[in-house]
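First the structure, in the form of structure tokens, and then the observations on it.
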Amino acid sequence: MEVILIAIAIISFILSLSLFTVEIFKGGITKGNFKSTYIFLFIFVITIAGYLFLINGGK
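Numbering (our numbering), first residue to last: 5 to 63.
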């Protein structure tokens, strides 16, 4: 289970970083559409929180 959560966290972080870079080059900070980047960052935070919860034994 830990391996799956770590894999999801790594993949979502890489996707959010690449989408952020694409939006910066495409439209700049003010004109970019960062909704998908925020979604992948949210998935990253949730998977890290789930991993930490799992490590601590669910207490």
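Using N, Cα and C, we set each Cβ at its ideal position, and we do this for glycine too.
Rounded separation between residue i and residue j - CA only
i	j	result
residue 48	residue 31	24 angstroms
residue 59	residue 51	12 angstroms
residue 56	residue 21	22 angstroms
residue 28	residue 16	18 angstroms
residue 5	residue 61	12 angstroms
Status (buried if at least 16 other CB within 10 Å, exposed otherwise) for residue i
i	result
residue 41	buried
residue 53	exposed
residue 11	exposed
Which of helix, strand or coil DSSP assigns to residue i
i	result
residue 31	helix
residue 54	helix
residue 38	coil
Supposed contact pair residue j and residue i - C-beta distance, whole angstroms, cut 8 angstroms
i	j	result
residue 44	residue 19	5 angstroms
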